[in-house]
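A.B. asks:
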Amino acid sequence: MPGFPAATVDALPFAGEPAADRLLVADPMALLLGFLLDQQVPLERAFSAPWALRDRLGTISPAGLLALDQEAVERAFAGPPALHRFPKMMAQRALRLCALLVDQYQGRPERVWEGAIDAEDLTRRLLELPGMGPMKARTLLSVLAKQLGVRPKGWERLIPDHPTLGDVQDKEGLLRYRSYKRSQEQKGAG
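Everything in the sequence shown is counted per the working numbering, starting at 2 for the first residue and increasing by one.
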């Protein structure tokens, strides 16, 4: 796997496990799977899942996962422990992501951003991925640009102007990010 040659970090502290955090930088598929799973579960659970999945199945490559029996992938997601609150649904969504990556990007996740003309094109490409909405796409763009050296023309205009995972470089940064999110949720509830 090519990883991110221009990355300014060797790990993203999202999983809370050193090996899983390093995998997010070493393997672009791990990062995409983490973002895919980052909903309705704690951040650490979503971003440690690619490591656990690779351990359980021996691969997280798009072609490798598609070559497996769908039920085997679903069982790997189900655990124990389960990789997500909705393991079967997320296993199916992960396989849809793999199919899209194989069909449109020759099974190479990094081609999603390597082939982008500019940040708007990259955002469009990200939005085509299963489970990727506008906020998640902008957050992933922020992580790619700020920490992994993927800086398509115009990226500065499209990243959020508030703290995101793109700003989290260590445990303290994660605590600040969570504090910011809580304060925004309280403002919304009040």
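Beta carbons: idealized from backbone N, C-alpha and C, even for Gly.
Given the structure is predicted, the values throughout are model-derived calculations rather than measurements.
DSSP three-state label for P29, please.
C.D. replies: Of the three classes helix, strand and coil, the one that applies to P29 here is helix, per DSSP.
A.B. asks: Rounded to a whole number of angstroms, what is the C-alpha to C-alpha distance between P81 and L38?
C.D. replies: Between P81 and L38, the C-alpha separation is close to 17 Å.
A.B. asks: Would you decide whether S49 is buried or exposed? Buried here means 16 or more other CB atoms lie within 10 Å of its CB.
C.D. replies: S49 is buried by the Cβ-count criterion.
A.B. asks: Do L127 and M136 count as a contact pair if the criterion is CB distance below 8 Å?
C.D. replies: Contact: no.
A.B. asks: Which one of D56, M90, L96, A47 has the shortest CA to CA distance from L69?
C.D. replies: If we check each option's Cα against that of L69, L96 comes out closest.
A.B. asks: Check for me: the alpha helix (DSSP H) holding G155 runs from which residue to which?
C.D. replies: Unbroken run through G155: none, as it is neither H nor E.
A.B. asks: Please list the terminal residues of the continuous alpha helix (DSSP H) segment that includes M136.
C.D. replies: Where M136 is concerned, the enclosing alpha helix (DSSP H) stretches over 135-148.
A.B. asks: Per DSSP, what kind of secondary structure is A95 in: helix, strand or coil?
C.D. replies: It is helical.
A.B. asks: Between which two residues does the alpha helix (DSSP H) holding L58 run?
C.D. replies: It spans 44-58 - the alpha helix (DSSP H) in which L58 sits, taken as one unbroken run.
A.B. asks: Please go through the same chain and pick out, in chain order, the residues whose beta-carbon is closer than 6 Å to the beta-carbon of G59, but skip the five residues on each side of it.
C.D. replies: Hits under 6 Å: none found.
A.B. asks: Do P14 and L141 count as a contact pair if the criterion is CB distance below 8 Å?
C.D. replies: Cβ atoms of L141 and P14: not closer than 8 Å.
A.B. asks: Does the count of Cβ pairs from the region 73-87 and the region 101-119 closer than 8 Å reach three?
C.D. replies: As far as the Cβ criterion goes, the region 73-87 does not touch the region 101-119, which means the pair count is below three.
A.B. asks: For the alpha helix (DSSP H) that contains F1, what are its first and last residues?
C.D. replies: The structure shown has nothing for residue 1, since the chain only spans 2 to 191.
A.B. asks: Between K147 and D119, is the Cβ-Cβ spacing less than 8 Å?
C.D. replies: Not in contact: K147 and D119 (Cβ atoms no closer than 8 Å).
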